[in-house]
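See below for the structure under consideration.
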Amino acid sequence: MANDIDLIAESRDKSGTSHSRRMRHDGMVPAVIYGAEKETLNLAIDHNQLLRKLANESFLNSILNIKIDDKEESVLIKNVQVHPSKRQIIHLDLQRVKSDQVIRVSIPLQFLNEDMAEGVKLEGGTVTPLMNEVEVSCLPKDLPEKLEVDVIDLKLDDMLYLEDIVLPEGVEIPLLTQDEPANEPIVAVRLLRIAEEEIEPEVDEEGLEEGLEEGAEGAAEEGAEGAGEETAEGDSEENKE
Numbered sequence: 002m003a004n005d006i007d008l009i010a011e012s013r014d015k016s017g018t019s020h021s022r023r024m025r026h027d028g029m030v031p032a033v034i035y036g037a038e039k040e041t042l043n044l045a046i047d048h049n050q051l052l053r054k055l056a057n058e059s060f061l062n063s064i065l066n067i068k069i070d071d072k073e074e075s076v077l078i079k080n081v082q083v084h085p086s087k088r089q090i091i092h093l094d095l096q097r098v099k100s101d102q103v104i105r106v107s108i109p110l111q112f113l114n115e116d117m118a119e120g121v122k123l124e125g126g127t128v129t130p131l132m133n134e135v136e137v138s139c140l141p142k143d144l145p146e147k148l149e150v151d152v153i154d155l156k157l158d159d160m161l162y163l164e165d166i167v168l169p170e171g172v173e174i175p176l177l178t179q180d181e182p183a184n185e186p187i188v189a190v191r192l193l194r195i196a197e198e199e200i201e202p203e204v205d206e207e208g209l210e211e212g213l214e215e216g217a218e219g220a221a222e223e224g225a226e227g228a229g230e231e232t233a234e235g236d237s238e239e240n241k242e
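Right under this line is the structure:
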């Protein structure tokens, strides 16, 4: 039984910025396919076809069957370039997959029983993901669609780490198998801190009025004293003359 076709593409001979711009104007996405010890090919893929496929998040981390002209290949999406302000795909990178070669792919994490976690239900905390996906290595046939993580036993301020993920057979996490393993946290239960509202100090209106009145009276008295001193000085000078 033939595999379902996930993408249809056409090979293209031309490349370059101006050619790619014309392709996009005509509703096509410039793409490239490489790897598996085969030559790199420039491709053209229908934009609307690709946009519909990418609406499914799992499409990005699944092994796809692409038909190029009259041939089929297994590929992974390695990079998608999108326009910064338009709903438009600019470019697509595809990597060939061989059944006997280990691949590395970022897989989404799915957290289970978030509302039932002890730290949420009994202590008022919130499940806080620290990672949304994790890179795994495996043969293509062993690639999982997602990795499930049960958080039901987490108490407030508890964490789960990479090593706590239950992996399917044949799947590894490179961060844990490298020379210097990095067992990073993936999820925690935390108490959300609501920012304290800034409380304006209450103003005693009566006290304020009294203060203003006293200030005004004081200023008036100082003014009167100053005027009296000036007059006295003036009289003294006149007497000297």
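Using my numbering, read the sequence shown as starting at 2 and increasing by one per residue.
Where a beta carbon is used, it is the ideal one built from N, C-alpha and C, also for glycine.
Please confirm whether E73 and A45 have their CB atoms less than 8 Å apart. no
Member of P182, V81, I166, V190 whose CA lies at the smallest distance from the CA of P109: I166
Please determine, among K68, L52, I69, the residue with the shortest C-alpha to C-alpha distance to L61. L52
Under the rule that 16 or more other beta-carbon atoms within 10 Å means buried, what is G120, buried or exposed? buried
Since I believe I187 is in contact with L168 (beta carbons under 8 Å), could you give me their beta-carbon distance rounded to a whole number of angstroms? Contact doesn't hold; Cβ gap of about 13 Å is too wide.
By DSSP, does H92 sit in helix, in strand, or in coil? strand
Extent of the continuous alpha helix (DSSP H) run through L51: 48-55
Going by alpha carbons, who is nearest to K147 out of A56, V106, L123? V106
When we look at the beta-carbon of I153 and count the other beta-carbons within 10 Å, is it buried (16 or more) or exposed? exposed
Residue burial classification, S21 (beta-carbon count within 10 angstroms, cutoff 16): buried
Express the C-alpha separation of E170 and L155 in angstroms, rounding to a whole number. 25 Å
Within this structure, are the beta carbons of L113 and E149 separated by less than 8 Å? yes
Can you name the residues that DSSP bridges to I174? Partner(s): none; I174 has no beta bridge.
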